[in-house]
Amino acid sequence: MIAIIYKGVAFPVVFKLLTKFGNSSTTERIELMDKFIDLFGLASIDCLMADREFVGAEWLQYLNKNGIRYYIRIRNNFILF
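Per numbering that gives the first Met the number 0: the sequence shown = residues 0 to 80.
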């Protein structure tokens, strides 16, 4: 789900119901972001805030390639280099 946050309230604008348990795949996330960008434009994204399961080299490369700032929560035992 991608939501727009306004005055502290998140309004879902693009989402996909998964037919499986667990997290979305990188492909599913990229498709969702592309749909959002098609609807609202890349310039409408100030930043992406995500939970810790939204990681992976291909996903982060996609965000970086598109110039999308992101804040992703990480596990407390995650090591940064």
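Heads up, the beta-carbon is just placed ideally off N, CA and C, and yes, glycines get one too.
Is the beta carbon of residue i less than 7 Å from the beta carbon of residue j?
i: THR25; j: GLY55; result: yes
i: LEU38; j: ILE1; result: no
i: VAL13; j: ILE3; result: no
i: ASP50; j: ARG28; result: no
i: LEU47; j: TYR61; result: no
i: ASN22; j: GLU52; result: yes
Between which two residues does the beta strand (DSSP E) carrying residue i extend?
i: ALA56; result: First-last for ALA56: 56 to 64, but that is the alpha helix (DSSP H), not the beta strand (DSSP E).
i: ILE73; result: ILE73 -> no beta strand (DSSP E), and no H or E assigned at all.
Apply the 10 Å Cβ neighbour rule to residue i and answer buried if 16 or more other Cβ atoms are within range, or exposed otherwise.
i: LEU79; result: exposed
i: ILE44; result: buried
What are the boundary residues of the alpha helix (DSSP H) that residue i is part of?
i: ILE29; result: 25 to 39
Counting only the same chain and skipping the five closest in sequence on each side, list residues whose C-beta sits under 8 Å from that of residue i.
i: LEU114; result: Because the chain in this structure spans residues 0 to 80, residue 114 falls outside the shown range and cannot be described.
Leaving out five residues on either side along the sequence, give the residues of the same chain with a beta carbon under 7 Å from the beta carbon of residue i.
i: LYS15; result: GLU27, LEU31
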